[in-house]
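Some notes on the structure that comes next.
Residue numbers (this note's numbering), protein chains in the order written: chain P, 54 to 386; chain V, -6 to 126.
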């Protein structure tokens, strides 16, 4: 039996959680919101022409892996990422890391994780978890979205590590190689905030605050051109991207609020604390949007102008986010 | 979201005793976390997506029964896959997979290929050959 002294802390989002727990294991005092903010995890994008589950491709976060990479880079931590062609080699490498006392992050497919409810098991390949030990034929798993640690047999883990489709992990394993003795949190936080304001204010119609406005118009377009049924399916998809396990509520806006409060303590800037209240309000508006959207989807007849209201609400949110990130940019100057 | 407003609605998460972390603020506006059993809005969205999926599976079933698609098409939907995922598992091009959706082509496939499909879908070969769903 081989077990690392690894502390499992539940988190809202898998990638932040894995990063925070692995960093903590390596002696860095860091929590989920800090990783999220330094890794510039807040985002919004509508990807045109691409369909996910026959619905629109809308995301409230950047590409999988980016949060971890950016946070590591900004803290000066070197990480190694390995991919494998052979299942045996991938497990040899994992066992080798466990022998060396390295907690490794793995990218896995959700579809093959038996501890999740069936409804949540779809072919999404960018989930993250940590392997922190081995007991006989079972690997000890710290999946950050779960309250407690769990375990998977080698076969189960092999299936999850070698799933196919978009973001196919190919046994993807990652871990820190060198960790510096001291960290410049101030610099890392400033860099993270700068990146987020840059992204959210991007002068591109599909990204950031502009992207939200674009989708708000799309809702009316869908209703006119694709009919109610398809529009409802699309809305359901957006709600799931925004609220489903992993966002901490409100499409990551609340985690970002928590990050701003941590940042205000570390940088000693009370104005960031004030700004975090605005972020909370924006998060609440997203929640209200999701609630209305779900009701519009269900009671199709009762509210005749439901889609118009949803669209208007989103335009409001877009305006608020634009203002918010302009303020944040000004504060950080 | 205030901490005491973190929703505790019924959801599919209960089946596996899962509660998820939510970020919320206390009465001074300071952030903290709490656990949620689920939220109505999310359950509705998830239900809608599942209904959509089930409709597709049913359509695929009908298509196989009336002879316009091969059983591979049905089992792909049933396993929540799409052509890209199935092509990945089969180590084949997507257009080849789509060709196998044609009953005429499917009937000419050799047993090895069919067995590989059956293995990926987690079914017996005869379930694939004698469609009876």
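Where a beta carbon is used, it is the ideal one built from N, C-alpha and C, also for glycine. None of the values given here were measured: they were computed from a predicted structure.
Using the three-state DSSP reduction, which class does residue i fall into: helix, strand or coil?
i             : result
residue 24/V  : strand
residue 158/P : strand
residue 114/P : coil
residue 274/P : helix
residue 202/P : coil
residue 91/P  : helix
residue 58/V  : helix
residue 182/P : strand
residue 227/P : strand
residue 77/P  : helix
residue 71/P  : helix
residue 232/P : coil
residue 55/P  : strand
residue 322/P : coil
residue 188/P : strand
residue 145/P : helix
residue 164/P : helix
residue 7/V   : helix
residue 176/P : coil
residue 86/V  : coil
residue 367/P : helix
residue 95/V  : coil
Could you tell me whether the Cβ atoms of residue i and residue j are closer together than 7 Å?
i             : j             : result
residue 113/V : residue 82/V  : yes
residue 181/P : residue 216/P : no
residue 14/V  : residue 65/P  : yes
residue 39/V  : residue 172/P : yes
residue 366/P : residue 339/P : no
residue 155/P : residue 78/P  : no
residue 158/P : residue 75/P  : yes
residue 246/P : residue 385/P : yes
residue 99/V  : residue 63/V  : yes
residue 111/P : residue 197/P : no
residue 267/P : residue 275/P : no
residue 78/V  : residue 162/P : no
residue 192/P : residue 183/P : no
residue 200/P : residue 12/V  : yes
Chain P partners of residue i, CB-CB under 8 Å?
i             : result
residue 9/V   : 168, 169, 170
residue 33/V  : 344, 347
residue 58/V  : Near residue 58/V there are no residues of chain P at all, since even the closest Cβ is about 22 Å away, more than 8 Å.
residue 112/V : Those do not exist, as residue 112/V stays about 12 Å from chain P at its closest Cβ, beyond 8 Å.
residue 85/V  : Ordered by position in chain P, no residue passes the 8 Å Cβ test against residue 85/V, which lies about 11 Å from the chain.
What does residue i touch in chain V if you count any residue whose Cβ is under 8 Å from its own?
i             : result
residue 350/P : 37, 38, 41
residue 293/P : 35, 38, 39, 42
residue 10/P  : Since the displayed chain P opens at 54 and closes at 386, residue 10/P lies outside it and no answer follows.
residue 330/P : 22
residue 314/P : 23, 24
residue 64/P  : 14
residue 38/P  : For residue 38/P there is no data in the structure shown, the boundaries of chain P being 54 and 386.
Shorter than 6 Å, the distance from the beta carbon of residue i to the closest heavy atom of the ligand SAH, or not?
i             : result
residue 379/P : No copy of the ligand SAH occurs in the structure displayed, which carries no ligand at all.
Can you list the residues of chain P that residue i reaches, using a CB-CB cut of under 7 Å?
i             : result
residue 53/V  : Per Cβ cutoff of 7 Å: no residues; residue 53/V is ~13 Å from chain P at best.
residue 69/V  : Within 7 Å Cβ-Cβ: nothing; residue 69/V doesn't reach chain P, min ~11 Å.
residue 118/V : Those do not exist, as residue 118/V stays about 20 Å from chain P at its closest Cβ, beyond 7 Å.
residue 93/V  : Under the 7 Å cutoff, chain P gives no residues; its nearest Cβ is about 16 Å from residue 93/V.
residue 6/V   : 170
residue 78/V  : 176, 217, 218
In the DSSP output, what is residue i paired with across the bridge?
i             : result
residue 104/P : 109/P
residue 195/P : 183/P
residue 29/V  : 13/V
residue 260/P : 98/P
residue 1/V   : 31/V
residue 131/P : 231/P
residue 18/V  : -5/V, 24/V
Please list, in chain order, the chain V residues whose beta carbon lies closer than 7 Å to that of residue i.
i             : result
residue 88/P  : Neighbours of residue 88/P on chain V: none; closest Cβ ~14 Å, over 7 Å.
residue 285/P : 41
residue 198/P : 13
residue 301/P : 14, 15, 16
Would you mind telling me which residues of chain P sit closer than 9 Å to residue i, beta carbon to beta carbon, in chain order?
i             : result
residue 115/V : Correct list: empty, because the minimum Cβ distance to chain P is about 11 Å.
residue 82/V  : 216, 217, 218
residue 108/V : Within 9 Å Cβ-Cβ: nothing; residue 108/V doesn't reach chain P, min ~18 Å.
residue 97/V  : The contacting residues do not exist; residue 97/V stays about 27 Å from chain P at best.
Give the interface partners of residue i over in chain V, defined as CB-CB distance under 9 Å, in chain order.
i             : result
residue 296/P : 32, 34, 35, 38
residue 307/P : -6, 15, 16, 17, 18, 24
- Task: Please determine if the segment 102 to 109 of chain P and the segment 131 to 141 of chain P are in contact, where contact requires at least 3 C-beta pairs separated by less than 8 Å.
- Result: In this structure the segment 102 to 109 of chain P does not lie against the segment 131 to 141 of chain P, because fewer than three pairs of beta carbons, one per stretch, are closer than 8 Å.
- Task: Indicate whether the contact test is met: 3 or more Cβ pairs, each with one atom in the segment 21 to 35 of chain V and one in the segment 1 to 11 of chain V, closer than 8 Å.
- Result: The segment 21 to 35 of chain V vs the segment 1 to 11 of chain V: in contact.
- So, do the segment 118 to 128 of chain P and the segment 86 to 96 of chain P have three or more beta carbon pairs nearer to each other than 8 Å? A contact exists between the segment 118 to 128 of chain P and the segment 86 to 96 of chain P.
- Query: So, do the segment 333 to 347 of chain P and the segment 365 to 379 of chain P have three or more beta carbon pairs nearer to each other than 8 Å?
  - Reply: Yes, the segment 333 to 347 of chain P touches the segment 365 to 379 of chain P.
- Message: Taking contact to mean 3 or more Cβ pairs, one atom from each stretch, closer than 8 Å, check whether the segment 302 to 319 of chain P and the segment 52 to 68 of chain V are in contact.
- Response: The segment 302 to 319 of chain P vs the segment 52 to 68 of chain V: no contact.
- Query: Should the segment 343 to 352 of chain P be called in touch with the segment 290 to 308 of chain P, which here means at least 3 C-beta pairs below 8 Å?
  - Reply: Because the criterion of three Cβ pairs below 8 Å is met, the segment 343 to 352 of chain P and the segment 290 to 308 of chain P touch.
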